[in-house]
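Visitor: In our numbering, the protein residues as written are -14 to 365.
Every residue gets a Cβ at the ideal spot worked out from N, C-alpha and C, and that includes glycine.
On a predicted model such as this, the values are computed, not experimentally measured, just so you know.
There's a structure below that I have some questions on.
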């Protein structure tokens, strides 16, 4: 197992971290619940193989992930790992909610302290809200009391907001979404390097873009990867591109079965920073361009088109269309669109008022693209 040492951490962290958002599940009474026995077996196997970073959150698996992780870390396993979980800041309406939620999480995890406590999924709105509630006063008191060790945040918004949050506090760590397709989205590679320049270690989530970089492999994509002198799977290439960055402390992988876990452990057995050649980086860019060439709608999700008077989730619809086309995931995206139909946020609600088109900085013919998207996502 490869480890990285940062001055802010008391000991090295395993570059591979087990993410507990996609634990193995079983069907019970028409719903999916965590397969506790298998999840515990997997987490402990990973720790036995050298993984020392376990990541969960308040809401994962309907609130059950923390409970299962707590059980997995019994019998001496808690002392072997860094434990990370996240404060569900959207549930915080007043100052005392911070402490109430943390105490609940400590109980569910069956632990006296959390190593990395992250303010979860910060965006501009949530950031402003928790600042007004004196979040840093709470976090520093929680650290002083021994309930948490490191003050951190996870992030989903744009680069400018990320830099604002990074500059606002002496963070111990931050967590961002990054992969070969999102290098210019959300926090961006530039944001990763900016955090690194300020001495803030970075943990990566969604390295495989929700699994799409593992499953959405066309013969064209496979042919590009096969140009390399050393043959690797698409999963290996996705991880390799990330661990090439020395600013990255941990790369999280949400393993759902033992086979995935064993493969990830193999990949991270020798994962060095600055390992990629110019030729390999060029292959990554070539793969990225092929994926992007399949984009059906050039929407950047800037949301200038919102709110739609009819409640249509315009950027979400275009994201579903693009995802289906780019990663061969029509079935999954069709299910996502059915959810929008049930919520009455689908494209059929359009009355062609053209308010969205007047606001779109990309000059997209939104009305026509909504019609095409509706037809595409409903095809059998």
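Please classify residue 256: is it buried, with 16 or more other beta-carbons within 10 angstroms of its beta-carbon, or exposed?
Guide: Your numbering for residue 256 matches position 271 in the chain shown. With 16 or more other Cβ atoms within 10 Å, it is buried.
Visitor: Considering residue 107, what are the terminal residues of the beta strand (DSSP E) in which it resides?
Guide: Along the chain shown, read from residue 1 onward, the residue named residue 107 stands at position 122. Looking at the DSSP string, the run of the beta strand (DSSP E) that includes residue 107 is 99 to 107.
Visitor: Please state whether DSSP places residue 43 in a helix, a strand or coil.
Guide: If you number the chain shown from 1, residue 43 lands on position 58. Coil.
Visitor: Exposed or buried, residue 207, counting other C-beta atoms within 10 Å across all chains shown (16 or more means buried)?
Guide: Here residue 207 refers to the residue found at position 222 when the chain shown is read from its first residue. Residue 207 should be labelled exposed.
Visitor: With respect to the alpha helix (DSSP H) encompassing residue 246, which residues constitute its N-terminal and C-terminal limits?
Guide: Along the chain shown, one-based indexing puts residue 246 at 261. Start and end: 243 to 252.
Visitor: Work out the CA separation of residue 145 and residue 169 for me, nearest whole Å.
Guide: Mapped onto the chain shown, residue 169 falls at position 184. Mapped onto the chain shown, residue 145 falls at position 160. Each residue's alpha carbon lies about 12 angstroms from the other.
Visitor: Give the C-beta separation of residue 94 and residue 120 to the nearest angstrom, bearing in mind that I take them to be a contact with Cβ-Cβ under 8 angstroms.
Guide: In the chain shown, the residue the question calls residue 94 occupies position 109. In the chain shown, the residue the question calls residue 120 occupies position 135. With a Cβ gap of about 21 angstroms, residue 94 and residue 120 do not count as contacting.
Visitor: Could you check where the alpha helix (DSSP H) with residue 120 kicks off and where it finishes?
Guide: The residue labelled residue 120 in the question sits at position 135 within the chain shown. Its alpha helix (DSSP H) spans residues 120 to 129.
Visitor: Within the same chain, show all residues whose beta-carbon is closer than 6 angstroms to that of residue 41, passing over the 5 residues directly before and after it, in chain order.
Guide: Start at 1 with the first residue of the chain shown, and residue 41 comes out as number 56. Hits under 6 angstroms: 5, 50, 51, 54 and 70.
Visitor: Classify residue 215 as buried or exposed, calling it buried when 16 or more other Cβ atoms lie within 10 Å of its own Cβ.
Guide: Translated into positions along the chain shown, residue 215 becomes position 230. Classification of residue 215: exposed, given that the 10 Å Cβ count is below 16.
Visitor: If you reduce the DSSP assignment to three classes, tell me which class residue 134 lands in.
Guide: In the chain shown, the residue the question calls residue 134 occupies position 149. Of the three classes helix, strand and coil, the one that applies to residue 134 here is strand, per DSSP.
Visitor: Count the CB pairs spanning the segment 294 to 308 and the segment 342 to 357 that are closer than 8 angstroms, and state whether there are at least three.
Guide: Yes: at least three Cβ pairs fall under 8 angstroms.
Visitor: What number of angstroms, rounded off, separates the C-alpha of residue 200 from the C-alpha of residue 312?
Guide: Along the chain shown, read from residue 1 onward, the residue named residue 200 stands at position 215. Along the chain shown, read from residue 1 onward, the residue named residue 312 stands at position 327. Straight-line Cα distance between these residues: approximately 8 angstroms.
Visitor: With a Cβ-Cβ cutoff of 7 angstroms, do residue 165 and residue 140 count as a contact?
Guide: Position 180 of the chain shown, counted from the first residue, corresponds to residue 165. Position 155 of the chain shown, counted from the first residue, corresponds to residue 140. Cβ distance not < 7 angstroms, so residue 165 and residue 140 don't count as in contact.
Visitor: First and last residue of the alpha helix (DSSP H) that includes residue 147?
Guide: The residue labelled residue 147 in the question sits at position 162 within the chain shown. Taken as a continuous stretch (DSSP letters only), the alpha helix (DSSP H) holding residue 147 covers 144 to 152.
Visitor: On the three-pair Cβ rule with 8 angstroms, is the segment -1 to 14 touching the segment 29 to 39?
Guide: Contact holds: three or more Cβ-Cβ distances are below 8 angstroms.
Visitor: Would you check if there are 3 or more beta carbon pairs closer than 8 angstroms linking the segment 322 to 336 to the segment 266 to 286?
Guide: No, the segment 322 to 336 does not touch the segment 266 to 286.
Visitor: With distances taken from CA atoms, which of 72, 27 and 62 is nearest residue 48?
Guide: Position 63 of the chain shown, counted from the start, is the residue given in the question as residue 48. When only C-alpha atoms are compared, the closest one is 72.
Visitor: Assign residue 166 to one of three DSSP states: helix, strand, or coil.
Guide: Taking the chain shown and counting its residues from 1, the one referred to as residue 166 is at position 181. DSSP places residue 166 in coil when its eight states are reduced to three.
Visitor: State the Cα-Cα distance for the pair residue 287 and residue 351, rounded to the nearest angstrom.
Guide: On the chain shown, position 302 is the one that residue 287 refers to. On the chain shown, position 366 is the one that residue 351 refers to. Straight-line Cα distance between these residues: approximately 14 angstroms.
Visitor: Looking at residue 133: is its Cβ nearer than 7 angstroms to the Cβ of residue 163?
Guide: Against the chain shown, residue 133 aligns to sequence position 148. Against the chain shown, residue 163 aligns to sequence position 178. For residue 133 and residue 163, no; Cβs fall outside 7 angstroms.
Visitor: Quick check: the segment 78 to 88 against the segment 15 to 23, are there 3 or more CB pairs under 8 angstroms?
Guide: With the cut-off at 8 angstroms, the segment 78 to 88 and the segment 15 to 23 do not touch.
Visitor: When you compare only the Cα positions, how much space is there between residue 406 and residue 233?
Guide: Since the first residue shown for the chain is -14 and the last is 365, residue 406 is missing from the structure and cannot be characterised.
Visitor: Could you spell out where the alpha helix (DSSP H) holding residue 78 opens and where it closes?
Guide: Residue numbering aside, residue 78 sits at position 93 when the chain shown is read from its first letter. It is not in any alpha helix (DSSP H) - residue 78 carries neither H nor E in the DSSP assignment.
Visitor: CB-CB under 7 angstroms to residue 111, same chain, minus the five flanking residues each way: which ones, in chain order?
Guide: Locating residue 111 in the chain shown gives position 126, where the first residue counts as 1. Excluding residues within five positions, the ones whose Cβ falls inside 7 angstroms are 74 and 75.
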